[in-house]
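S.K.: Could you have a look at this structure, given as structure tokens, before my questions?
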Amino acid sequence: MITELGHFALILAFLIAIVQMVVPLMGAHKRWPGWMALAEPAAQAQFAFTAIAFGALMWAFISSDFSLLLVVQNSHSAKPMLYKVAGTWGNHEGSMLLWVLIVALFGALASVFGGGLPPTLKARVLSVQAAIGVAFFSFILFTSNPFLRLAVPPMDGEDLNPLLQDPGLAFHPPFLYLGYVGLSMTFSFAVAALIEGRVDAAWGRWVRPWTLAAWIFLTIGIGLGSWWAYYELGWGGFWFWDPVENASFMPWLLAAALLHSAIVVEKREALKSWTILLAILAFGFSLIGTFIVRSGLLTSVHAFANDPERGVYILIILGFFTGGALLLFALRAQAMEAKGVFGLVSRESGLVINNVLLAVACFVVFFGTLWPVVAEMAFDRKLSVGPPFFNLAFSPFMVGLGMVLPIGAMLPWKRGKLKRTLWQLRFVFGLAVALGALAFAIQSGRSALGPIGLFLGAWVVMGACTDLWMRTGKSNRVARLFRLPRADWGKAAAHSGLGITIFAIAGLTAWEIDDIRVAEVNKPFDVGAYELTLKGVGQERGPNYFATVADIDVRHKGAFLTTLRPEKRDYPVARMPTTEAAIDYRITRDLYVVIGDQQSNGGWTVRTYVKPLANWIWGGSLLMAFGGLLSLSDRRFRVAAGARKTAERSNTGVPAE
Amino acid sequence: MKRLLTTVALLAALATPIWAVQPDEVLDDPALEARARVLSKDLRCLVCRNESIDESNAELARDLRLLVRERLVAGDSDDEAMSYIVNRYGEYVLLRPTATGANWLLWAAGPLMLLIGAGVGGGFLRNRSKATPETETLLNDAEKQRLAEIMKS
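Structure, rendered in structure tokens:
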């Protein structure tokens, strides 16, 4: 019964979305206030009905309703509750429902918080957002209906892929989708502005919070996914340049670029057409990501539902929205001419460099991801493009970005003096070089990657601190530091986060130690500065798996440190073995131990890694997301969003970015 | 073909798990072993999805790892060992594609695009620095009305 209600609610939401797509758009064109105003209740109702549909599906998973095909294929009665809930989106149909739920959620949010928008722009934004909804509602209803019943329900389900039964991964897709789909809001704003035929500073201000929010969610989603890969896949890799990872990374890069170019639109009324183009492309890449994951064009660890028919449908959606928006862009772009004038050395130039580097980096990832397909179709060559290529082709852009970041971030708007900014950064630069040289001297003979990473990281982090400090003026600086607008703190935090992540990735890659051996019980062995002893191996039983668990004692300089318990799990229903690495997390390094098979001499294969700075990668990502959050909470967004507290705004002015 | 590969990968995963680089594969000479590890990271496990043979648990990856080591022990240089394997398994096995034939496009794509981006960006900046500032545009009637509305509330 609840299932049928959910199905019905989904169809209703689809119909509402169609109305919301057509009526406000007509209203905005004809200037009929009543028709335009329909967008708001429609957006909210659309969200409410989609939420009912999603709730109904979730209830079917929670209550293990095996009369539903989807539940049978992806759940099992013995599965822990968390994964029953997460199972709702751990499959193609459910994840599409989550996708469309978030489209509706953002539409509803825009209708609630968009009070200050001009009525025509608001109507058009909500109408475009509804059009995206319509496309995906029809995709779900016609090709991937999650509410299909079985005539003869089986006794129990087939279980969720055990690799996905993990808290890190349970929340990875929702965050990622919030990010992907959050970019749909930016897209809607861009297309609405194109229809409207005008882009101004106000538009830049309205669009920035949505981009910022999407970027924050993408950052957290990608971070969670990478963290999951690190501890779950069993060899401590954190980024594989897998097509699906790239699919989430490309929108992230473009969203980061968009975030910065929207500042230029807001402050200086320049880069308008570029910002619109970025907004279209960023969402376009989100759709490409969806297409890659679901079409089976590029196989990867993540790909579920490799179905050509669905792939074609998504390709049509992708072509319609990106192609249509780009066409509109080509017709209207010349109407958006830049207004602000600025010198070659200025913050604006810095942000242009930022955008060029981020966009080209994204292009490299895109080209590399699709090249195997192109090469096979056009040149009849079957080849692979893997991590070694991406590391080589992509990293230089990040190095370049890190090099110019502190300088660009401190240049004043309009016209600056390069000499003056460089002079302000002279100590920071010297210190960063010294740190890099020190690392190079200590490590003697290993790759130069570590020292370069340390230099870049220190340069970016200390540069961000200097930037903050320079904003405090001449007197009473500490007190002023804490009165700086949150956007300033957000900027410093996000930039520092990037620096930390760059340093951590370089350090981990350069200074990792690994060891593979057959460990015999009670025979200690050394890895780096640690002494490990395999104490014993036993069998254990989990709720839906059997595990082989090893006890390994770790000593450091003779003192007992910890006992690690790596596991090997076998999920009988899903018929799949997984490894559960045991990790001793510390600030400076992780000790990562994996247990393998028993050998003929009675010993066990043990792989040990000492991974320096591993936590810093995710710490840096979190700091980036936190910086975004700080910036998002800056009062100028709240004040400007409602445009109600005009008196309050007049006496503060706009804080410098 | 793709489906076949997937099936093979799945079967390989279902068989008793064998973990990446086994202790019995490791060469006694640490210098040779280090070279083998570096080469392994550039070779694709043919039945896996986007994994190098250094990371992969599949039987075929193990065979390839042993082959790499065999070649190195036999006195091959890194390049000789790699071309030996490419001759046997095709260029699909390389995770870092060569820059031969149309592949130069892949390698040049980034630098070329950077040049284009720098050109367009530089042109835009030059243009902006020379432009004369535009005088402010006045509000139109609808905007004036809206401003009055906002000021009232």
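So the sequence lines, in the order shown, correspond to chains A and B.
In terms of our numbering, the first sequence is residues 1 to 657.
In terms of our numbering, the second sequence is residues 1001 to 1153.
Using N, Cα and C, we set each Cβ at its ideal position, and we do this for glycine too.
1) Do the CB positions of F137 of chain A and V100 of chain A come within less than 8 Å of each other?
2) What is the residue span of the beta strand (DSSP E) that W604 of chain A lies within?
3) Can you tell me whether V112 of chain A is helix, strand or coil according to DSSP?
4) At 8 Å on the CB atoms, spell out the chain A contacts of G1101 of chain B, in chain order.
5) Does any residue of chain A bring its CB to less than 8 Å from the CB of E1033 of chain B?
6) Quick check on L1138 of chain B - is its C-beta less than 8 Å from some C-beta in chain A?
7) Can a CB atom of chain B be found closer than 8 Å to the CB of I516 of chain A?
8) Between A:Q129, A:L12, A:V103, which has its C-alpha nearest L25 of chain A's C-alpha?
9) Is V1008 of chain B helix, strand or coil by DSSP?
10) Is there at least one Cβ from chain A nearer than 8 Å to R1126 of chain B's Cβ?
11) Touching or not, the region 152-172 of chain A and the region 74-82 of chain A, by the rule of three or more beta carbon pairs under 8 Å?
12) Could you check what DSSP says for F424 of chain A in three-state terms: helix, strand or coil?
13) Between the C-alpha atoms of H302 of chain A and S248 of chain A, what's the straight-line distance to the nearest angstrom?
14) Consult DSSP for M155 of chain A and reduce its assignment to one of helix, strand or coil.
15) If you measure from the CB of S75 of chain A, is any heavy atom of the ligand PLP nearer than 7 Å?
16) Can the beta-carbon of F285 of chain A be found closer than 8 Å to that of F187 of chain A?
17) Starting from Y592 of chain A and walking both ways along the beta strand (DSSP E), at which residues does that stretch end?
18) Measuring only the C-alpha atoms, how far is A17 of chain A from F47 of chain A?
19) At which residues does the alpha helix (DSSP H) containing A338 of chain A begin and terminate?
20) Under the three-state reduction of DSSP, which class applies to P80 of chain A: helix, strand or coil?
21) Going by Cα to Cα distance, which pick from A:A378, A:T563, A:R541, A:A9 is closest to Y530 of chain A?
22) When DSSP labels each residue in this structure, what does V301 of chain A get in the three-state scheme?
23) Give the DSSP-derived three-state secondary structure of M1 of chain A in the structure shown.
24) Does A1148 of chain B come within less than 8 Å of chain A when only Cβ atoms are used?
25) Could you pull the start and end residues of the alpha helix (DSSP H) that R1096 of chain B belongs to?
26) Enumerate in chain order the residues of its own chain whose CB-to-CB distance from A325 of chain A is below 6 Å, with the five nearest sequence positions on each side excluded.
27) Based on Cα-Cα distance, which residue from B:L1115, B:V1120, B:E1091 lies nearest to V385 of chain A?
28) Straight-line CA distance for T509 of chain A to L121 of chain A?
29) Closest to I263 of chain A by CA distance: which of A:A547, A:L418, A:L435, A:W413 is it?
30) Could you give the DSSP three-state label for L1043 of chain B: helix, strand or coil?
31) Does F238 of chain A get closer than 8 Å to chain B when you measure Cβ to Cβ?
32) Give me the Cα-Cα distance between R1096 of chain B and R1049 of chain B, rounded to the nearest whole angstrom.
33) Have a look at the DSSP bridge pairing and note the partners of I52 of chain A.
34) I'd like to know whether the C-beta atoms of F503 of chain A and L456 of chain A end up nearer to each other than 8 Å.
M.R.: Result, derived from the coordinates:
1) Counting from one through the first sequence, the residue named residue 137 of chain A turns up at place 137. Counting from one through the first sequence, the residue named residue 100 of chain A turns up at place 100. In contact: F137 of chain A and V100 of chain A (Cβ atoms closer than 8 Å).
2) Along the first sequence, one-based indexing puts residue 604 of chain A at 604. Its beta strand (DSSP E) spans residues 604-612.
3) Indexing the first sequence from 1 puts residue 112 of chain A at position 112. Here V112 of chain A sits in helix by DSSP.
4) Against the second sequence, residue 1101 of chain B aligns to sequence position 101. Within chain A, the residues near G1101 of chain B are F379, R381.
5) Numbered from 1 along the second sequence, position 33 holds the residue referred to as residue 1033 of chain B. Not closer than 8 Å to any Cβ of chain A, the Cβ of E1033 of chain B fails to qualify, so no.
6) For this step, residue 1138 of chain B is matched to residue 138 along the second sequence. So no, L1138 of chain B is outside the interface.
7) Mapped onto the first sequence, residue 516 of chain A falls at position 516. Chain B, which has a Cβ nearer than 8 Å to the Cβ of I516 of chain A, makes this yes.
8) Here residue 25 of chain A is taken as the residue at index 25 of the first sequence, counted from 1. Of the candidates A:Q129, A:L12, A:V103, the one whose C-alpha sits nearest the C-alpha of L25 of chain A is A:Q129.
9) Indexing the second sequence from 1 puts residue 1008 of chain B at position 8. Model confidence at V1008 of chain B stands at a pLDDT of 40, short of 50, so the residue's coordinates are unreliable and nothing is read from them.
10) On the second sequence, residue 1126 of chain B is found 126 positions in, with the first residue counted as 1. R1126 of chain B counts as touching chain A.
11) yes
12) Indexing the first sequence from 1 puts residue 424 of chain A at position 424. According to the sequence displayed, residue 424 of chain A carries Gln and not Phe. Of the three classes helix, strand and coil, the one that applies to Q424 of chain A here is helix, per DSSP.
13) Indexing the first sequence from 1 puts residue 302 of chain A at position 302. Indexing the first sequence from 1 puts residue 248 of chain A at position 248. Its pLDDT being 47, under 50, H302 of chain A is placed unreliably by the model, and the measurement read from it follows with that caveat. Spanning the two alpha carbons is a distance of roughly 12 Å.
14) On the first sequence, position 155 is the one that residue 155 of chain A refers to. M155 of chain A: coil per DSSP, three-state reduction.
15) Among the components of this structure there are no ligands whatsoever, and the ligand PLP is therefore not found.
16) Here residue 285 of chain A corresponds to residue number 285 of the first sequence, with the count starting at 1. Here residue 187 of chain A corresponds to residue number 187 of the first sequence, with the count starting at 1. Their beta carbons are not under 8 Å apart, which means F285 of chain A does not touch F187 of chain A by this criterion.
17) Indexing the first sequence from 1 puts residue 592 of chain A at position 592. Residues 589-598.
18) Within the first sequence, numbered from 1, the residue matching residue 17 of chain A stands at position 17. Within the first sequence, numbered from 1, the residue matching residue 47 of chain A stands at position 47. Cα to Cα, the separation comes out at about 9 Å.
19) Translated into positions along the first sequence, residue 338 of chain A becomes position 338. Element bounds for A338 of chain A: n/a, residue is neither H nor E.
20) Taking the first residue of the first sequence as 1, we reach residue 80 of chain A at position 80. The answer is coil: DSSP assigns P80 of chain A none of H, G, I, E or B.
21) Walking along the first sequence from the start, residue 530 of chain A turns up at place 530. Of the listed residues, the one whose Cα sits closest to Y530 of chain A is A:T563.
22) Locating residue 301 of chain A in the first sequence gives position 301, where the first residue counts as 1. For V301 of chain A, the predicted model reports a pLDDT of 43, less than 50, meaning its position is unreliable; a value from the coordinates is still stated below. Coil, per DSSP.
23) As a first step, residue 1 of chain A is located in the first sequence; it is residue number 1 there, counting from the start. M1 of chain A: coil per DSSP, three-state reduction.
24) As a working note, residue 1148 of chain B is residue 148 in the second sequence. No, because no Cβ of chain A sits closer than 8 Å to the Cβ of A1148 of chain B.
25) Start at 1 with the first residue of the second sequence, and residue 1096 of chain B comes out as number 96. Where R1096 of chain B is concerned, there is no enclosing alpha helix (DSSP H), given that its DSSP letter is neither H nor E.
26) Here residue 325 of chain A refers to the residue found at position 325 when the first sequence is read from its first residue. For A325 of chain A, where only same-chain residues beyond five positions count, the Cβ hits under 6 Å are V191, I280.
27) As a first step, residue 385 of chain A must be located in the first sequence, where it is residue number 385. Closest by alpha carbon: B:E1091.
28) To locate residue 509 of chain A, count along the first sequence from 1; it is residue 509. To locate residue 121 of chain A, count along the first sequence from 1; it is residue 121. Distance between the alpha carbons of T509 of chain A and L121 of chain A is about 48 Å.
29) By 1-based counting over the first sequence, the position of residue 263 of chain A is 263. Nearest C-alpha to I263 of chain A: A:W413.
30) Taking the second sequence and counting its residues from 1, one reaches residue 1043 of chain B at position 43. Reduced to three states, the DSSP call for L1043 of chain B is strand.
31) Here residue 238 of chain A refers to the residue found at position 238 of the first sequence. Output row for F238 of chain A: interface = no.
32) Taking the first residue of the second sequence as 1, we reach residue 1096 of chain B at position 96. Taking the first residue of the second sequence as 1, we reach residue 1049 of chain B at position 49. Roughly 15 Å separates the two Cα atoms.
33) Translated into the one-based positions of the first sequence, residue 52 of chain A becomes position 52. None; I52 of chain A has no bridge partner.
34) Looking up residue 503 of chain A in the first sequence gives position 503. Looking up residue 456 of chain A in the first sequence gives position 456. It is a contact, given that the beta carbons lie within the stated cut-off.
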